[in-house]
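Since the structure comes first, as structure tokens, the remarks are kept for the end.
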Amino acid sequence: MSPSYYQISVPSFIRMLGNLSTILDKAVAYAAERKIDESVLLQSRLFPDMYPLVKQVQIATDQSKGSIGRLTGIAPPKFPDDETTFAQLQARIATTIGYLKGIPAEALDDTAAKQITLPWMPDRPLDGAPYLLHMAIPNVYFHVTTAYAILRHNGVPLGKPDFIGEI
Numbered sequence: 710m711s712p713s714y715y716q717i718s719v720p721s722f723i724r725m726l727g728n729l730s731t732i733l734d735k736a737v738a739y740a741a742e743r744k745i746d747e748s749v750l751l752q753s754r755l756f757p758d759m760y761p762l763v764k765q766v767q768i769a770t771d772q773s774k775g776s777i778g779r780l781t782g783i784a785p786p787k788f789p790d791d792e793t794t795f796a797q798l799q800a801r802i803a804t805t806i807g808y809l810k811g812i813p814a815e816a817l818d819d820t821a822a823k824q825i826t827l828p829w830m831p832d833r834p835l836d837g838a839p840y841l842l843h844m845a846i847p848n849v850y851f852h853v854t855t856a857y858a859i860l861r862h863n864g865v866p867l868g869k870p871d872f873i874g875e876i
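Okay, so the sequence shown: first residue is 710 according to the numbering used here, each after it adds one.
This is the structure:
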């Protein structure tokens, strides 16, 4: 039997956000040990035209909850995108994980039949399955990966097991 849309999305989002939370904990410890103001890490970016760490976390949570909300009709939590500390980002991640844990598996059963219209593409609705598989899931992984890379680039002692998580 093939995995359901729920099985390939919600548990993956929960896992990746949990791993992101662990990565942020390591960044906090690193900053404290090195006496680095946490705002330095939060505003770090890989390249000047890329978003800083704080925005990477915001987008990873927004993509996780937003895509599932669009596909299920279950309203996700809203955030004002005003986080300035690791603690605030951790709270955002925890709230997003809590929302995802409350999604019933059957709520994603009709994903393939859905049409998703994104605010920035109002004239190009997407079919639900390609939206989830080719846009939402890759976006979450991209922003978690970029958050990891920003912190690793700044010296936080991270490795592949931090990104992948416990197996």
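Each residue gets a CB set at the ideal place from its N, CA and C atoms; glycine is no exception. Quick caveat, the model's predicted, so the values are computed rather than measured.
- For I732 and D836, the gap between their C-alpha atoms comes out near 33 angstroms.
- Closest in alpha carbon position to S713, among D871, A858, L841, is L841.
- Ranked by how close their Cα comes to the Cα of M759, the residues D832, K787, F851, I745 have F851 in first place.
- If you draw a straight line from the Cα of Q767 to the Cα of L798, it is about 8 angstroms long.
- Closest in alpha carbon position to T805, among P828, L729, S711, is L729.
- In summary, R801 is buried, with 16 or more beta-carbon neighbours lying within 10 Å of its beta-carbon over all protein chains present.
- In the three-state reduction of the DSSP assignment, L835 falls in the strand class.
- Just so you know, the alpha carbons of A858 and T770 end up roughly 17 angstroms apart.
- Taking C-beta separations shorter than 7 angstroms and ignoring five residues to either side along the sequence, the partners of S753 in its chain run P761, L762, I859, N863, following chain order.
- Burial state of K810 is exposed, judged by a 10 Å Cβ sphere holding fewer than 16 other Cβ atoms.
- In the three-state reduction of the DSSP assignment, Q824 falls in the strand class.
- Separation of H843 and K764 (C-alpha to C-alpha, rounded to the nearest whole angstrom) is 21 angstroms.
- The region 747-835 contains, as complete alpha helix (DSSP H) runs of 4+ residues, the segments 747-751, 762-781, 795-810 (chain order).
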